[in-house]
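Right, one structure below, let's go through it.
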Amino acid sequence: MTSNGQSSGMQVWHFSEMAYHPAWPQLTETYRVLIPSRLYDPKVGADLYHRYLDEWALCDELGINIMTNEHHATATCADSVCTIPMAILARETKKVRLLALGMPIGNRNDPIRIAEEYAMIDVISRGRLEMGFVKGVP
């Protein structure tokens, strides 16, 4: 154990890009490109978001840490901003570490706002949040 009560052994993380897989058969290009709005069904999207949140709830029960990331308008990742699922997970989970990885900080106009959002999530999670940023695309 470390001084903060965490195990110093190997940690296990669950990662899902929250794919919107119903569009895959209809895409003619790579899945990593923009998904046309006509291929997105909000009811199916809501069902998938609930499924991913349910998976993460199970992770908390099993002690498996949770990682999310963000991509924008792709069929392989329906998570366009890390802070929304992280805020939900900060409140709904109790045991596991939460990692938001991949926010392109270079694309944000207000880095103070980003810091405030993550600080609030960290407080809600009672100190379980970890973050990783990427440079992003100019």
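Take 8 as the starting number for the sequence shown in our numbering and just add one per residue. Heads up, the beta-carbon is just placed ideally off N, CA and C, and yes, glycines get one too. Owing to the predicted nature of the structure, the values given are computational and were not obtained by experimental measurement.
Do residue i and residue j have their C-beta atoms closer together than 8 angstroms?
i, j, result
"I128", "V103", "no"
"F140", "M74", "no"
"M25", "D86", "yes"
"C89", "A107", "yes"
"L136", "M93", "yes"
"E113", "N76", "In the sequence on display, residue 113 carries Gly and not Glu. Going by C-beta atoms, G113 is not nearer than 8 angstroms to N76."
"I119", "R98", "no"
From the DSSP output, which residues share a beta bridge with residue i?
i, result
"T81", "L41 and C84"
"M110", "F140"
"T75", "A107"
"H21", "I73"
Please return the same chain residues whose Cβ sits closer than 6 angstroms to the Cβ of residue i, not counting the five positions on each side in sequence.
i, result
"P29", "V51"
"W1", "Residue 1 lies beyond the residue range present for the chain, which begins at 8 and ends at 145; the question has no answer from this structure."
"G16", "none"
Can you list, in chain order, the residues of its chain whose CB lies under 8 angstroms from that of residue i, leaving out five sequence neighbours each side?
i, result
"I42", "Y27, A30, L34, A80, T81 and A82"
Consult DSSP for residue i and reduce its assignment to one of helix, strand or coil.
i, result
"T100", "coil"
"A34", "Reading the sequence as shown, one finds Leu at residue 34 and not Ala. Three-state result, L34: coil."
"Y56", "helix"
"Y125", "helix"
"D48", "coil"
"C89", "coil"
"A64", "helix"
"A26", "coil"
Among residues of its own chain, excluding the 5 on either side of residue i, which ones have a beta-carbon nearer than 7 angstroms to its beta-carbon?
i, result
"L96", "W63, I73 and L105"
"M138", "A107 and Y125"
Could you give the residue range of the alpha helix (DSSP H) that holds residue i?
i, result
"R115", "Per DSSP, R115 belongs to no alpha helix (DSSP H) and is neither H nor E."
Should residue i be listed as close to the ligand NAP, given that the test is whether its C-beta is under 7 angstroms from any heavy atom?
i, result
"E24", "The ligand NAP is not part of the structure shown, which contains no ligands of any sort."
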